[in-house]
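Contents: one structure, followed by commentary.
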Amino acid sequence: MNPRQQERQLQVWLEKHQGLLVKVARSFARNRHDQDDLLQEIGLQLWRSIPNLNPDVAESTWIYRVALYTAISWTRKDSKHREKRQTLAEEPIANEPNPDPRVDWLYEKIAELNPIDRSLALMMLDGIQHRDIAETLGLSVTNVGVRLHRIKKHLSSLLDQETTDEL
Numbered sequence: 001m002n003p004r005q006q007e008r009q010l011q012v013w014l015e016k017h018q019g020l021l022v023k024v025a026r027s028f029a030r031n032r033h034d035q036d037d038l039l040q041e042i043g044l045q046l047w048r049s050i051p052n053l054n055p056d057v058a059e060s061t062w063i064y065r066v067a068l069y070t071a072i073s074w075t076r077k078d079s080k081h082r083e084k085r086q087t088l089a090e091e092p093i094a095n096e097p098n099p100d101p102r103v104d105w106l107y108e109k110i111a112e113l114n115p116i117d118r119s120l121a122l123m124m125l126d127g128i129q130h131r132d133i134a135e136t137l138g139l140s141v142t143n144v145g146v147r148l149h150r151i152k153k154h155l156s157s158l159l160d161q162e163t164t165d166e167l
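Numbering-wise (the UniProt record's numbering), the sequence shown opens with residue 1 and increments by one.
Take a look at the structure:
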């Protein structure tokens, strides 16, 4: 694939999978500036990965894999060098003009999970099959099921606790 075709492919992916990419950035970066930085890094890694695209893997799975691995690497690398900034959870993300506060709450709690569990939760919310999640993250299908069960249980207990605290 020549550079011009690569550029076109990247543009198609960025437009087609914008929601997925924003969701990953939002879950791994705490504020708008960091989200933009992470989105740029994901775009760069997608560009670099085009020649290695495996035709046997679904496009969305490939993009998810690149986005998640990039986000996990970015989080590890930048957490060592960046001071913590205030979360801008109340600031709506592009394509979400009036976010539901429950969705914001869920993403805040998902952002507190470790990077692998965060990735699992995002993929589960997108309705991706356990088998595909396992392949993308290099886990066994059984491990994916167990971890997702624990994540759901954890999030449910946080919701119960918050509901109880409000009473």
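Built from N, CA and C at the ideal position, the CB exists for glycine as well.
Model, not experiment: these values are computed from the prediction.
Which of helix, strand or coil does DSSP assign to residue i?
i: glutamine 129; result: coil
i: arginine 76; result: helix
i: glutamate 112; result: coil
i: alanine 89; result: Bear in mind that the predicted position of alanine 89 carries a pLDDT of just 41, short of 50, making it too unreliable to give a figure here.
i: arginine 102; result: helix
i: serine 22; result: Correcting the residue type first, residue 22 is valine in the shown sequence and not serine. DSSP places valine 22 in helix when its eight states are reduced to three.
i: arginine 30; result: coil
i: alanine 58; result: coil
i: residue 249; result: The chain is shown only over 1 to 167; residue 249 falls outside these bounds and no answer can be derived.
Is the Cβ-Cβ distance between residue i and residue j less than 8 angstroms?
i: threonine 70; j: isoleucine 42; result: yes
i: valine 24; j: leucine 68; result: yes
i: alanine 121; j: isoleucine 151; result: yes
Give the straight-line distance between the Cα atoms of residue i and residue j, rounded to the nearest whole angstrom.
i: alanine 58; j: threonine 164; result: 43 angstroms
i: lysine 153; j: asparagine 2; result: 48 angstroms
i: isoleucine 133; j: valine 144; result: 7 angstroms
i: proline 51; j: leucine 38; result: 21 angstroms
i: glutamine 129; j: isoleucine 63; result: 15 angstroms
i: glutamine 6; j: aspartate 56; result: 19 angstroms
Excluding sequence positions up to five away, which residues of its chain have a Cβ less than 7 angstroms from the Cβ of residue i?
i: tyrosine 107; result: Arg26, Ser27
For residue i, does the count of other Cβ atoms within 10 angstroms reach 16, so buried, or fall short, so exposed?
i: arginine 65; result: buried
i: aspartate 34; result: buried
For a test of your reading of the model: does the CB of residue i fall under 7 angstroms from any non-hydrogen atom of the ligand HEM? Yes or no.
i: serine 119; result: Absence of the ligand HEM from the depicted structure is noted, as is the absence of any ligand whatsoever, leaving it without description.
Give me, in chain order, the residues of the same chain whose beta-carbon lies closer than 6 angstroms to that of residue i; leave out the 5 immediate sequence neighbours on both sides.
i: leucine 139; result: none
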